[in-house]
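Colleague: In our numbering, the protein residues as written are 1287 to 1490. Cβ coordinates follow ideal geometry from the N, Cα and C atoms, glycine included. Since we're looking at a predicted model, the values are computed, not measured.
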Amino acid sequence: MRSTDKIIDYLEKTYQPESIIVYGSFADESANLNSDFDALIIAGKEKLHDSSFVDGVVLDVFAYPPDQFLSEYDPAEFAQVWDGKIILDKNGMGERLKKNVLDYIERIPLKTEEDISQEIKWCEKMLLRTMRGDVEGYYRWHWVLCDSLEIYFDIKGIHYYGPKKALRFMEESDSEAFHIYSKALLEFNQEGLSDWINYLKTIF
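Put into structure tokens, the structure is as follows:
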């Protein structure tokens, strides 16, 4: 029995859930040795978090009572299930939750040209500040490298779903951007960072 099957078996026996939605690396089959098992389950009478260790895997499972979804709720609080796999759904509550989350995401407005212009100016300003060579400069160096990934997606007009999915998308759909950004991360020098910021300017 695979780890996923053993974990699902554990969740079903422990909580008798109405719904199980698995998301993250175990849902998209990118899990590695250090991956947590991320899931949302609808079960019980109170909200809880399960961080048990099952078959060598650390759980990161959130349980919500069915009543949570019978009245009005904020789909943004459950955005992580947008591409999750519904493993169990006895009464359709999991499917309705996922649909509400997807509808919410579709309504999120993309950044305007003015917003993106300001973001690029911020990157340029941060680039200059990284040249200071002190601790604050290096802090800003890490900061702009991290935040500029999301800015890249703003420029592309695509919703950002976190670094792991973003990097995979970039690698598969924009090899030039992936090469330049990877170089900036791995070589960590001014030339690589400048090349990345300049690339963002050229695609805007």
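1. Residue 1402 lies in the alpha helix (DSSP H); which residues open and close that run?
2. From what residue to what residue does the alpha helix (DSSP H) around residue 1474 run?
3. Measuring alpha carbon to alpha carbon, tell me which of 1290, 1433, 1473, 1407 ends up nearest residue 1448.
4. Suppose the cutoff is 6 Å on Cβ atoms and the five residues either side in sequence are ignored; what does the same chain contact list for residue 1293 look like?
5. According to DSSP, simplified to helix, strand and coil, what is residue 1307?
6. Once you ignore the five residues that flank residue 1333 on each side, which residues in its own chain have a CB closer than 6 Å to its CB?
7. Of the choices 1326, 1406, 1336, 1367, whose alpha-carbon is the least far from that of residue 1280?
8. With DSSP run on the structure shown, which of helix, strand or coil describes residue 1335?
9. Helix, strand or coil, according to DSSP, for residue 1371 in the structure here?
10. Please tell me whether residue 1304 and residue 1377 are closer than 8 Å, where the distance is taken between their beta carbons.
11. So does the segment 1383 to 1397 actually touch the segment 1348 to 1367, counting three or more Cβ pairs closer than 8 Å?
12. Which of helix, strand or coil does DSSP assign to residue 1323?
13. Along the chain, where does the alpha helix (DSSP H) that runs through residue 1383 open and close?
14. Measure the beta-carbon distance from residue 1452 to residue 1439 and round it to whole angstroms, keeping in mind my assumption that it falls under 8 Å.
15. Terminal residues of the continuous alpha helix (DSSP H) containing residue 1452?
16. Taking the alpha carbon of residue 1493 as the reference point, which residue from 1320, 1355, 1474, 1358 has its own alpha carbon closest?
17. Would DSSP call residue 1490 helix, strand or coil?
18. What residue from 1443, 1424, 1343 has the CA that sits closest to residue 1398's CA?
19. Taking its Cβ as the centre, do 16 or more other Cβ atoms sit within 10 Å of residue 1326, making it buried, or is it exposed?
20. Just how far apart, CA to CA, sit residue 1383 and residue 1369?
21. CA-CA distance, residue 1380 and residue 1301?
Modeller: Taking the definition as stated:
1. Residue 1402 sits at position 116 when you count from the first residue of the sequence shown. Where residue 1402 is concerned, the enclosing alpha helix (DSSP H) stretches over 1399 to 1416.
2. Within the sequence shown, the letter at position 188 stands for residue 1474. From DSSP, residue 1474 is part of no alpha helix (DSSP H); its letter is neither H nor E.
3. Locating residue 1448 in the sequence shown gives position 162, where the first residue counts as 1. Closest in C-alpha terms to residue 1448, from the list 1290, 1433, 1473, 1407, comes 1433.
4. Taking the sequence shown and counting its residues from 1, one reaches residue 1293 at position 7. Contacts found: 1323, 1340.
5. The sequence position of residue 1307 within the sequence shown is 21, counting from 1. Residue 1307: strand per DSSP, three-state reduction.
6. Residue numbering aside, residue 1333 sits at position 47 when the sequence shown is read from its first letter. Closer than 6 Å at the Cβ level, and outside the excluded window around residue 1333, lie 1350.
7. Because the chain here runs from 1287 to 1490, residue 1280 falls outside it and cannot be looked at.
8. As a first step, residue 1335 must be located in the sequence shown, where it is residue number 49. Under the three-state reduction of DSSP output, residue 1335 falls in the strand class.
9. Position 85 of the sequence shown holds residue 1371. It is a strand residue.
10. Taking the first residue of the sequence shown as position 1, residue 1304 is located at position 18. Taking the first residue of the sequence shown as position 1, residue 1377 is located at position 91. Going by C-beta atoms, residue 1304 is nearer than 8 Å to residue 1377.
11. yes
12. Reading the sequence shown from its first residue, position 37 is the one you call residue 1323. It is a strand residue.
13. Translated into positions along the sequence shown, residue 1383 becomes position 97. Element bounds for residue 1383: 1379 to 1393.
14. For the purposes of this step, residue 1452 is taken as the residue at position 166 of the sequence shown. For the purposes of this step, residue 1439 is taken as the residue at position 153 of the sequence shown. Contact holds; Cβ gap of about 6 Å.
15. For the purposes of this step, residue 1452 is taken as the residue at position 166 of the sequence shown. In the DSSP assignment, residue 1452 falls within the alpha helix (DSSP H) that extends over 1449 to 1459.
16. It is not possible to answer for residue 1493, since the shown part of the chain is limited to 1287 through 1490.
17. The count along the sequence shown starts at 1 and reaches residue 1490 at position 204. Three-state DSSP puts residue 1490 in coil, outside helix and strand.
18. Looking up residue 1398 in the sequence shown gives position 112. Among 1443, 1424, 1343, the Cα nearest to that of residue 1398 is on 1443.
19. Residue numbering aside, residue 1326 sits at position 40 when the sequence shown is read from its first letter. Its Cβ being crowded by 16 or more others within 10 Å, residue 1326 is buried.
20. Stepping through the sequence shown from its first residue, residue 1383 is reached at position 97. Stepping through the sequence shown from its first residue, residue 1369 is reached at position 83. Cα-Cα distance, rounded: 12 Å.
21. As a first step, residue 1380 must be located in the sequence shown, where it is residue number 94. As a first step, residue 1301 must be located in the sequence shown, where it is residue number 15. Distance between the alpha carbons of residue 1380 and residue 1301: 15 Å.
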